[in-house]
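See below for the structure under consideration.
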Amino acid sequence: MSRRHLLLLAAAVTDTTFERTTLDGKTVWVGKCIHCNSKLVVDDKGRAMGEATLEHVWPETQGGTNDVQNLAVA
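Residue numbers (this note's numbering): 2 to 75.
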């Protein structure tokens with residue numbers, strides 16, 4: 002699993018809007034975009050199924066880090 006996939010999965014797992022469920026026989030995390038509340042899906046390998054991306058809550062250019070507490074799914 003790539004670092005990007007690992008971080009996306011960690012962000013989904015720790016986001017209270019995401020729930021673990023099964024979709025088409027696959028284990029996935031389904032939740033909401035931090036910006037627009039649209040439905041987003043991340044598989045159990047950290048791959049976005051659709052439009053999900055990884056966002057920094059506090060931008061790296063302003064001192065934000067890649068700690069899971071500073072990451073969100075958008």
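No residue lacks a Cβ here, since even glycine has one placed at the ideal position from N, Cα and C.
### Message
Taking its Cβ as the centre, do 16 or more other Cβ atoms sit within 10 Å of residue 30, making it buried, or is it exposed?
### Response
Residue 30 sits at position 29 when you count from the first residue of the sequence shown. So residue 30 ends up on the buried side.
#### Entry: Segment limits, alpha helix (DSSP H) that includes residue 4
On the sequence shown, residue 4 is found 3 positions in, with the first residue counted as 1. 4 to 15 is the span of the alpha helix (DSSP H), which, as asked, contains residue 4.
### Query
Beta-carbon of residue 62 versus every beta-carbon of chain D: anything under 8 angstroms?
Structure shown: chain D not included; a single protein chain is present.
### Query
Secondary structure at residue 69, three-state DSSP: helix, strand or coil?
Counted from its first residue, the sequence shown places residue 69 at position 68. DSSP places residue 69 in helix when its eight states are reduced to three.
### Query
Rounded to a whole number of angstroms, what is the C-alpha to C-alpha distance between residue 52 and residue 22?
Residue 52 sits at position 51 when you count from the first residue of the sequence shown. Residue 22 sits at position 21 when you count from the first residue of the sequence shown. The alpha-carbon atoms of residue 52 and residue 22 are separated by roughly 18 angstroms.
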